[in-house]
Amino acid sequence: MSFNILSLSGGGYRGLFTIEVLARLERQAGKPIGQCFDLIAGTSIGGIIAIGLAMDKTAKEIRETFLEQGAAIFPKGEPAAGWIARKVAQYKFYTGGPKYDGNALRATIEKIVGKDTLFGHAHTRLVVPAVNMTKGSVQIFKTPHSSGVVVDLHRKAADIAMATSAAPTFFPMAKIDNSYYADGGLVANSPDACALHEAVHFCDQRVSDITLLSVGTTTTGFSLPASLGPDLGVVEWMKNERLISTVMSSQQQIVDFMVEHQLHDRYLRIDTRPSNEQIVDLGLDLATPARRETLLGLAEGAYQRVAGSPFIERVLAHKRANTDFPSLLSK
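Taking our numbering, the leading residue of the sequence shown gets 3, the next gets one more, and so forth.
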């Protein structure tokens, strides 16, 4: 019997690409897209979407919320203009606190997953990576789909969503109990391998039964022009998110390589590589109308390339196995 996994990458405002692809797949399926999967994994913005889908929010609902709140989460959509303004912005970046206070992000998350909704209210198995900075360890938040794994059952879903999306320099670290957490993208921006490992070792699934659909955030590849030369310093590496984009793209490529070798034609990655002009224009926190239209257009193209494939038709026809996590909350 097939065991379907949905894996969603991190990428800040570029997550609009992810949710647009999912909304289009949902329309094709004729049912909430989360109901097509037995396990959903997500990191950062992908984690927020994953938790929302597991709580039976539709992709359409999450998309609408993200479109409404994107500019509030990232209120400074345009880079500083002029030499002096850019130098001041750089100084604040290197000497100040996080760029955003996280309040609008929290409000948006609560609209998607609910203010008091518990992780154990999920109707689908969940895997959400983060980094516990207090303990210096990787943290994989998960539903109690394996016997004895109940530590996250009573935690607020919104707290876990904040933890996986607490991107360094962009947002403050998130606190849960006595620990501070940073963005899961530091360890698994693409959680495909984490999800596959979870299914095999904690959900007792055979690799031959697993189908995995992965949706990215326009980070298929990233390269630097030779004109930059080899001697980039801190400022040049941080400019236009070069370092972050390199890390995200490199992580994705090695994960793709490993997962595809295990699943073969039962693995599909939906993503796209923007043009060089679009890459400069698409920042992790650039929530302007122009960027929105670019991301929506890229998502439409990516969806159209796979919409009629047998893989997608099989995935969308699937019905998730029943889980009863909410019943554990009363025990």
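Backbone N, C-alpha and C define an ideal beta-carbon position, used for all residues, glycine too.
Is ASN134 helix, strand or coil when you go by DSSP? strand
Just checking, does the region 40-60 make contact with the region 119-127 on the three C-beta pairs under 8 angstroms criterion? yes
Whole angstroms are fine: how far does the CA of LEU234 sit from the CA of ALA73? 32 angstroms
Alpha-carbon to alpha-carbon, ASN180 and MET260: 35 angstroms
Length of the line joining the Cα atoms of VAL237 and MET135: 25 angstroms
Assuming ILE51 and LEU107 are in contact, meaning their beta carbons sit under 8 angstroms apart, how far apart are those beta carbons, in whole angstroms? Not confirmed; about 13 angstroms, so no contact.
Assuming ILE272 is part of the beta strand (DSSP E), what are its boundary residues? 269-272
Quick test of the definition: if touching needs 3 or more C-beta pairs under 8 angstroms, does the region 114-123 touch the region 155-170? yes
VAL133 versus ALA319, GLY186, GLN254 and ASP154, residue with shortest Cα-Cα distance: GLY186
Per DSSP, which one or two residues make a beta bridge with LEU215? LEU8 and LEU270
Three-state secondary structure (DSSP) of GLY310: coil
Which word fits MET3, buried or exposed, when buried means at least 16 other C-beta atoms lie within 10 angstroms of its C-beta? exposed
ASP326 versus HIS123, GLN71 and VAL23, residue with shortest Cα-Cα distance: HIS123
Length of the line joining the Cα atoms of GLY13 and ASP267: 26 angstroms
Beta-bridge partners of ASP185, as assigned by DSSP: ALA132
Between the CA atoms of ARG65 and GLY49 - distance to the nearest angstrom: 14 angstroms
According to DSSP, is ARG244 helix, strand or coil? helix
Distance between SER329 and GLU63 (C-alpha atoms, nearest Å): 26 angstroms
Within its chain, find whatever has a CB closer than 7 angstroms to the CB of GLY79; leave out the 5 residues flanking it on each side and keep chain order. Here the model assigns GLY79 a pLDDT of 48, short of 50, so the residue's position is not dependable and the matter cannot be decided.
What is the residue span of the alpha helix (DSSP H) that ILE42 lies within? Per DSSP, ILE42 belongs to no alpha helix (DSSP H); it is in the beta strand (DSSP E), 41-44.
Mapping DSSP to helix, strand and coil, what is ALA168? coil
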